[in-house]
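Quick notes on the structure that follows.
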Amino acid sequence: MNRKQAEKETSRSLRRSTRQAGAFKRRLAEELGVEEVPRSFHDKIQETFAQLPDELRVKKKPFHSFLKGASWAMAAAAAAFVILLGLNTLSPQFTEGLPGLGAVFTELNGGHTSSLPSEPSSSLTGSNPPAEDVYRVLPLVDNGITLMDASFMDDGRLRITATIPYMGRESYSLLCYEDDTLYGSTARLAVNGNFVYSDETQAPSTEVDPSEVDPSQGSDQQPDETKPCEITWYFSLKDVGDPRTSPVILTLFEHPISDSLASTNRVLAEFAIDLATGSAKISTAYDDEGYTKITPQTCMGTDHNSWASSPYLLTRCNPIDNGYYRVDLFCAQDALGEEVGMEFYRYSDDTPVGSLAISAMSELEAGESPLVGEPEEITQFDLYGSWFSDGQSFLWQGVTDPDRTGIVYEHDVFLVPLGEIYSIWEDSAVNEDLVDGSIRITLTGEGGQFLVKDVFQTVQENCRNAAGRCSTSP
Amino acid sequence: MRTEYLVKKAQRGSKDAFVKLIESHEAALYRVARAFLSRKQDLEDAVQEAVCRAFSKLPDLRDPGLFDTWLTRIMINCCVDLQRLQRGSFPIDVLPVDDPNRTWDEFTREEESWDVRQALSELSENDQLILTLFYLNELSIREIAQILSIKENAVKQRLYRGRQRFEKIYLQHEEEGGAL
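Sequence order for the protein chains is A and B.
In this text, residue positions in the first sequence follow this note's numbering: the first is 17, and each later residue adds one.
In this text, residue positions in the second sequence follow this note's numbering: the first is -13, and each later residue adds one.
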């Protein structure tokens, strides 16, 4: 068999194997080289074991302890009562004279005394507030998200409504954008051990009609910031059993389920809902699945820090692979038409002492950079770049924020060859110079004027501002 | 069943049970980590963190039957966290070190294997992860959907697409190799 024949045979073999799951599995394991765990990996685990304490923390189960104690107490009380009943037949005067229980025996023996005073009926509005871990009548708030209503519709679907307070435009990045349209947070319902995802999401009710946006006010026009954003999810609950028999768990995630990087999802809020009574409590079942809940602190480190009123909004200035920096720029409608460029400036005592235009920009746009090829390749550099995943152009994607402002942002992704810059300015010390501002990436207009003087600093400020607003947790 | 027994035992404080649990999932952890990370040091750092997190969090796991998916998610979280941290650094030790003691057979075998690994590395992380979870870690479509919080149909689609891409990339490499 010559080489070409062998190659054809390999190809045919591969085609066959990918069509047969079993064969594919074996081949995948073999080719990935993950059939055997490397010694170093195994050793590291063993080394970690040695560093761990000798015992795991044992979680106290107060409820179980309570039940156990209560069972013993009830058994003892029952035994004592049986003995007293026996005594009552022998000496009713004795049992009727017992403090506390005497009235019960008097009643049993012929009702000489009045009925026992009844306990005051409990009420939701009573003086004793319900404990934290009990079901409450809606609405219920978790992590700033208010569960308003859970009810069945005529067609049998379950409708759940929640509101998210408006915390500044940045908070909207906690919601989901898909195909440039805000459609709400991803909602998942656990019913009798089955997961059901919402099959239809109603747009937030506070949507601003774009026709009402006054173009003359540009991006400065603000929405009604006091009005919460209401989101409604609909769930089809066929084939999952009766959802009223046990509480259902509603989990709200930060990303859409169609996001190509769902593995990084975090939980925004979670509720256990008793559909039989229409009450709910905050749930932490997500913890069992290994999810974490997003907090203002975790938000700080994410890209969830976006929409601002500036016509030039910078949301990211991060190093990526191969010595490139990635800068994400959103240009509002009123800034369109301005040819935006980026330059590096070297500073000494806050005075620019040298500049370098990023001449590779046009090459990047043309897709001629060694880094920038097919869109699918770019996804490997970017954990969050869902806009790449559709195989569209990597530059100039329109992103709309219609629900509040009706403003269209155009999204630029600049991949800056930082490594090249540093090779020109050899004495530069990469990240530190960006942090202390001795080197600044600057956004410039057509005439060379500064649009954003210090990209890095601006991104940091955007992040800080967003972190302060991305959660309403006290 | 044995896993559930060990989980319950570990939750009562037994470190031995915890060690057995992790050891029985060692290969699964490695495969998940490999879907995200390639450097030896990163793999070791990620698994160390995952084992520590599992150790401290296991007492809180309410359903022992969910241990497999729970542990997988912890491993994924550790890998993603590590990647996030590394966005500010540029590793310099990524180039392979040539071993002069390799035999010719070993060399050619490794080169062939590298071709396919390169083909796989060109798949997106998620496609790699789903292929790994399904085919190698033998998690069900439902479990994968649960781990990644996506619909089961989406898992099926990605499995299909991942296999297709793998096939396409691999064949492309084969053709390029043949043309040289």
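The beta-carbon is built from N, C-alpha and C at its ideal position, and this holds for glycine as well.
B/T55 versus chain A: which residues are under 7 Å apart at the beta carbon? Close partners of B/T55 in chain A (Cβ separation under 7 Å): E305.
Can you tell me whether A/G160 is buried or exposed? The criterion is at least 16 other CB atoms within 10 Å of its CB, across all chains shown. buried
Distance, A/D365 Cα to B/N63 Cα: 42 Å
What do you get for A/S130, buried or exposed, if any count of 16 or more other CB atoms within 10 angstroms of its CB means buried? Below a pLDDT of 50, predicted positions are generally treated as unreliable, and A/S130, at 30, falls in that range; no measurement from the model is reported.
Less than 9 Å separating the beta-carbons of A/D170 and B/W56? Cβ distance not < 9 Å, so A/D170 and B/W56 don't count as in contact.
Backbone secondary structure at A/E71 - three-state DSSP: Looking at A/E71 - three-state DSSP - the assignment turns out to be strand.
Can you name the residues of chain B whose CB is closer than 8 Å to the CB of A/R9? As shown, chain A starts at 17 and ends at 490. That puts residue 9 of chain A outside it, with no answer to give.
Determine the extent of the alpha helix (DSSP H) in which A/T162 is found, giving its start and end residues. No alpha helix (DSSP H) holds A/T162; the beta strand (DSSP E) holding it covers I161 to F168.
Residues in its own chain within less than 8 Å of A/D158 by CB, not counting five upstream and five downstream? A285, E286, F287 and I298
For A/L191, which of helix, strand or coil comes out of DSSP? Annotation note: pLDDT 41 at A/L191 (below 50); position unreliable, coordinate value reported separately. DSSP places A/L191 in coil when its eight states are reduced to three.
Less than 9 Å separating the beta-carbons of A/L72 and B/G(-1)? yes
Would you check if the distance between the CB atom of A/T458 and the CB atom of A/Y361 is smaller than 9 Å? yes
Need the endpoints of the beta strand (DSSP E) that A/V212 sits in, please. N210 to Y213 is the extent of the beta strand (DSSP E) around A/V212.
Partner residues on chain B for A/L44, Cβ-Cβ distance less than 7 Å: L117, Y121 and L122
With 9 Å as the threshold, decide whether the Cβ of B/V5 is near any Cβ in chain A. yes
CB contact check: A/A91 to chain B, cutoff 9 Å: no
Measuring CB to CB, does A/A301 end up less than 9 Å from A/A166? no
Residue from A/L174, A/K75, A/E246 and A/V150 with nearest C-alpha to A/L266: The closest CA to that of A/L266, considering only A/L174, A/K75, A/E246 and A/V150, is found on A/L174.
Cβ neighbours of A/L291 in the same chain (closer than 7 Å, five flanking residues each side left out): Closer than 7 Å at Cβ, skipping near neighbours: A166, P259, R260 and V264.
In chain order, what residues of the same chain lie with their CB nearer than 8 Å to the CB of B/A32, ignoring the 5 residues before and after it? A19, F22, L23, M61, C64, C65 and L68
Take A/P155 and list the residues in its own chain whose beta-carbon comes closer than 7 Å to its own, dropping the five residues that flank it on each side. T162, L163 and M164
Where the alpha helix (DSSP H) through B/V37 begins and ends: K26 to K43
Thinking just about the alpha-carbon of each residue, which of A/E52, A/P54, A/S252 and A/T474 is nearest to the one in A/N210? A/S252
First and last residue of the uninterrupted beta strand (DSSP E) at A/S295: S295 to I298
Where do the ends of the beta strand (DSSP E) carrying A/D290 lie? V283 to D290
Which residues, in order along the stretch 165 to 178 of chain A, keep a beta-carbon less than 7 Å from a beta-carbon of chain B? none
For the beta strand (DSSP E) holding A/L459, just list the boundary residues, first then last. I455 to T460
Answer with yes or no whether the minimum CB distance from B/Y(-11) to chain A is below 9 Å. The amino acid at residue -11 of chain B is misidentified as Tyr; the sequence shows Thr. So, not an interface residue.
Kindly indicate if chain A contains any beta-carbon less than 9 Å away from that of B/L29. yes
Could you pull the start and end residues of the alpha helix (DSSP H) that B/F4 belongs to? Membership of B/F4 in the alpha helix (DSSP H) is indicated by the continuous run K1 to S10.
With H, G and I counted as helix, E and B as strand and the rest as coil, what does DSSP make of A/S364? strand
Report the residue from B/D54, B/R149 and B/R48 whose alpha carbon sits nearest the alpha carbon of B/A14. B/D54
Starting from the beta carbon of B/E12, find every residue of chain A whose beta carbon is closer than 9 Å, and list them in chain order. V53, F57, H58 and I61
Whose Cβ in chain A lies nearer than 9 Å to the Cβ of B/C38? T64, Q67 and L68
Can you tell me the Cα-Cα spacing of B/L117 and A/L268, whole angstroms? 26 Å
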